[in-house]
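Visitor:
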Amino acid sequence: MNDWLDPLLLSRWQFGLTTIYHFLFVPLTIGMAFTVAVFQTWWVRTGQLAYRRLTHFFGTIFLINFAMGVVTGIVQEFQFGMNWSDYSRFVGDVFGAPLAFEGIVAFFLEATFIGLWIFGWDKLPRLVHLATIWLVSLGSIASAYFIIAANAFMQNPIAFRINEAKGRAELTSIGELLWNPIARAAFPHTIFACFMVSAGLIISVAAWHLARRQNLDTMRPALRFGLWMMVIAGIGTTVMGDQLSLAMVEAQPMKMAAAEALYNTATGADASFSLFTLGTPDGVHELFSIRIPYLLSFLSTHSLDGTVEGINDLQAQYVQLYGPGDYTPIIWITYWSFRWMILLGVLHILVAVAGLWLTRGGRAPRNAWVWRAAVWSFPLSLAAMIVGWVFTEMGRQPWLVFGLLKTADGVSPGVSGLEVLISLAAFTLIYGSLAVVEFRLIIKAVKKGPDASPPADEESSDVRRPATVY
0 MNDWLDPLLL
10 SRWQFGLTTI
20 YHFLFVPLTI
30 GMAFTVAVFQ
40 TWWVRTGQLA
50 YRRLTHFFGT
60 IFLINFAMGV
70 VTGIVQEFQF
80 GMNWSDYSRF
90 VGDVFGAPLA
100 FEGIVAFFLE
110 ATFIGLWIFG
120 WDKLPRLVHL
130 ATIWLVSLGS
140 IASAYFIIAA
150 NAFMQNPIAF
160 RINEAKGRAE
170 LTSIGELLWN
180 PIARAAFPHT
190 IFACFMVSAG
200 LIISVAAWHL
210 ARRQNLDTMR
220 PALRFGLWMM
230 VIAGIGTTVM
240 GDQLSLAMVE
250 AQPMKMAAAE
260 ALYNTATGAD
270 ASFSLFTLGT
280 PDGVHELFSI
290 RIPYLLSFLS
300 THSLDGTVEG
310 INDLQAQYVQ
320 LYGPGDYTPI
330 IWITYWSFRW
340 MILLGVLHIL
350 VAVAGLWLTR
360 GGRAPRNAWV
370 WRAAVWSFPL
380 SLAAMIVGWV
390 FTEMGRQPWL
400 VFGLLKTADG
410 VSPGVSGLEV
420 LISLAAFTLI
430 YGSLAVVEFR
440 LIIKAVKKGP
450 DASPPADEES
460 SDVRRPATVY
């Protein structure tokens, strides 16, 4: 069989591409639900119509994105049965539990109250209507936790026993499964990153309008809100990322070793972190690097003289534990995805810090390049989250469930490479078309901007009060 028709390779490409595509919408949905809830809360508390306009405006973008997230997310569920049936048979009893909670509890919560929020304007009491969008936000965040808990089982399998007679893993404690140390660390890290993505969109949209000096009463406070949200969420992402690195080293030391391309165990100053490295194509030999002494030791152990296990020693340990085989992930992918995740996130935080300084005290930058930089900065946080996900999943290879099931053993045995190739091509075509539709809808909504006139039921509100400038 030709390599390009290998069912395993094509199944991995298909799941990776469809997951990345779905992930384009997930962080924005989570962040925008929270943001819209905040804007509506300010409107209810202050009566300032600028915040109602912002609620409607960003609510429209949120709804477009939410619809696309639902459509693309459904495909993810089907792939477990279509392409990864052996994986589903082996760990479905465990992995399926948090996914069931996500569907029954979190998604139904979102779906129910998003309908009430959409159709409840001017029909429900203000506080009741406000509660509906907060419940949508709560549902989206809960949904994220259940999915992260499912993924955490793949990174750090706990709360199960192997039924030898049936040849599968069975759940022993749902509480222990949901309280996985990896899930507890990854969840806040992910949520803060989602808030960064939402803040990035607000900054870009507000900057686009302010550069044209339109909708100043709404876009000025929106810009300041987005800038502060980016800085605060960026700090939270960094702090919780540090906690996640400690949990990762505990559960998967090979992933941290691969992230630094550390082949030999190192301690203290030798456990340095390379900002940039040139090496041989296989990643084994280093030709040039810029390093910070002790940093890798600190990131891995929170100690300057801590020991970080190297790839060679871990490979030898895993051969003894799991038998012959190569247990090293693709080094160049893990090395560079880890650094791009950090670099892109930090760049977006720096954009926000610069924006806060340039817009302090009511100032408005006059240089066009400042506004262009703000507008085009939006992809930074989103790209950081995507490469972070690539690092998380590729750094676990060759395992599908770490220490239990290899990726090669989880693919569906009855699916041919040609079948996967056809479905991959179909998904790519459909998803590409949907991406064009979403992009055009969002661009149209962004260019239209907030409604210029107040809703009819609020003509009596104090429209003279300006929105708060932060």
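Sequential numbering of the sequence shown, starting at 0, is according to numbering that gives the first Met the number 0. No residue lacks a Cβ here, since even glycine has one placed at the ideal position from N, Cα and C.
Going by C-alpha to C-alpha distance, which of His208, Asn82, Trp116, Thr406 sits closest to Leu417?
Guide: The option with the nearest alpha carbon to Leu417 is Asn82.
Visitor: Taking DSSP as the reference, what is the three-state secondary structure of Leu399?
Guide: Leu399 falls in the strand class under three-state DSSP.
Visitor: Using 8 angstroms as the Cβ pair cut-off and three pairs as the minimum, do the segment 342 to 351 and the segment 371 to 380 touch?
Guide: Touching, yes.
Visitor: Looking at Val307: is its Cβ nearer than 8 angstroms to the Cβ of Leu261?
Guide: Yes, these two residues count as a Cβ contact at 8 angstroms.
Visitor: Restricting to Cα atoms, I'd like to know which of Phe390, Leu200, Gly166 is closest to Met228.
Guide: The shortest Cα separation from Met228 among Phe390, Leu200, Gly166 belongs to Leu200.
Visitor: Helix, strand or coil for Ile289 per DSSP?
Guide: Residue state, collapsed to three classes: strand.
Visitor: Is it buried or exposed, Leu86, if we count other Cβ atoms within 10 angstroms and call 16 or more buried?
Guide: Residue identity differs from the one stated: residue 86 is Tyr in this sequence, not Leu. Tyr86 comes out buried.
Visitor: So within the segment 289 to 335, which uninterrupted alpha helix (DSSP H) runs reach at least 4 residues, ignoring any that extend past its ends?
Guide: Whole alpha helix (DSSP H) segments, 4+ residues: 294 to 300, 310 to 321.
Visitor: Quick check on the DSSP output: the beta strand (DSSP E) that includes Asn150 runs from which residue to which?
Guide: First-last for Asn150: 125 to 154, but that is the alpha helix (DSSP H), not the beta strand (DSSP E).
Visitor: Round the Cβ separation of Phe145 and Leu98 to the nearest angstrom and send it over; I've been treating them as touching at under 8 angstroms.
Guide: Phe145 to Leu98, Cβ: 7 angstroms. Contact.
Visitor: What residues in its chain sit with their C-beta under 8 angstroms from that of Tyr20, if we drop five residues either side in the sequence?
Guide: Excluding residues within five positions, the ones whose Cβ falls inside 8 angstroms are Thr71, Tyr430, Ala434.
Visitor: Pull up the distance between the alpha-carbon of Ile231 and that of Phe438, whole angstroms please.
Guide: Roughly 28 angstroms between the two C-alpha positions.
Visitor: For Asn214, which residues of its own chain have a beta-carbon under 7 angstroms away from its beta-carbon, when the five flanking residues on both sides are left out?
Guide: Excluding sequence neighbours, Asn214 sits near His208, Gly448, Pro449.
Visitor: According to DSSP, Arg160 sits in a beta bridge with which residue or residues?
Guide: Glu169, per the DSSP bridge assignment.
Visitor: Just the Cα atoms here: how many angstroms apart are Val462 and Ile289?
Guide: With a pLDDT of 39 at Val462, under the threshold of 50, the predicted position of this residue should be treated as unreliable, and no value is reported.
Visitor: Using beta-carbon positions only, say whether Ala205 and Met195 come within less than 8 angstroms of one another.
Guide: Contact: no.
Visitor: Please state if the CB of Val35 and the CB of Ile132 are separated by a distance shorter than 8 angstroms.
Guide: Yes.
Visitor: Specify whether the segment 169 to 176 and the segment 11 to 18 touch according to this definition: at least 3 beta carbon pairs, one from each stretch, less than 8 angstroms apart.
Guide: Touching, no.
Visitor: Roughly how many angstroms separate the alpha carbons of Thr17 and Gly360, rounded to a whole number?
Guide: Rounded to the nearest angstrom, the two C-alpha atoms are 45 angstroms apart.
Visitor: Quick check: Leu294 and Phe272, are their CB atoms within less than 8 angstroms of each other?
Guide: For Leu294 and Phe272, yes; Cβs fall inside 8 angstroms.
Visitor: Mind pulling the alpha helix (DSSP H) runs of 4 or more residues that sit fully within the segment 2 to 60?
Guide: The segment 2 to 60 contains these whole alpha helix (DSSP H) runs: 6 to 22, 25 to 45.
Visitor: Less than 8 angstroms between the CB atoms is what I'm expecting for Ser142 and Ala105, so what's the real figure, rounded?
Guide: Right, the Cβ-Cβ distance comes to about 4 angstroms (below 8 angstroms), so this counts as a contact.
Visitor: Return the bridge partner residues of Lys405 from the DSSP annotation.
Guide: For Lys405, which the question treats as bridged, DSSP gives the partners Trp398.
Visitor: The alpha helix (DSSP H) spanning Trp375 covers which residue range?
Guide: Taken as a continuous stretch (DSSP letters only), the alpha helix (DSSP H) holding Trp375 covers 367 to 375.
Visitor: Contact defined as beta carbons within less than 8 angstroms: I believe Ser139 pairs with Ala32. What is the distance between those atoms, to the nearest angstrom?
Guide: With 8 angstroms as the limit, Ser139 and Ala32 qualify as a contact, their Cβ atoms being about 5 angstroms apart.
Visitor: Could you check what DSSP says for Leu274 in three-state terms: helix, strand or coil?
Guide: Here Leu274 sits in strand by DSSP.
Visitor: In angstroms, rounded to a whole number, what distance separates the CA positions of Trp375 and Thr327?
Guide: Using only the alpha carbons, I get a separation of about 37 angstroms.
Visitor: With DSSP as the reference, identify every bridge partner of Ala265, one or two as the case may be.
Guide: According to DSSP, Ala265 bridges with Val307.
Visitor: I'd like the span of the alpha helix (DSSP H) that includes Glu249, first residue to last.
Guide: Unbroken alpha helix (DSSP H) run through Glu249: 215 to 250.
Visitor: If you follow the alpha helix (DSSP H) that Pro378 is part of, which residue opens it and which one closes it?
Guide: Looking at the DSSP string, the run of the alpha helix (DSSP H) that includes Pro378 is 378 to 393.
Visitor: Leaving out five residues before and five after Leu7 in sequence, what residues of the same chain have Cβ atoms less than 8 angstroms from its Cβ?
Guide: If we look at Leu7 and ignore the five residues flanking it on each side, its Cβ neighbours are Thr406, Ala407, Val410.
Visitor: Let me make sure I understand the geometry here. Which of Phe191, Leu222, Arg52, Val90 has the alpha-carbon closest to that of Ser29?
Guide: Rather than Ser, the amino acid found at residue 29 in this sequence is Ile. With distances taken between Cα atoms, Ile29 lies closest to Phe191.
Visitor: Quick check on the burial criterion: 16 or more other C-beta atoms within 10 angstroms. Buried or exposed for Leu27?
Guide: Label assigned to Leu27: buried.
Visitor: Based on Cα-Cα distance, which residue from Pro364, Gly387, Ser296, Trp370 lies nearest to Thr333?
Guide: Selected option, being the one with the closest Cα: Gly387.
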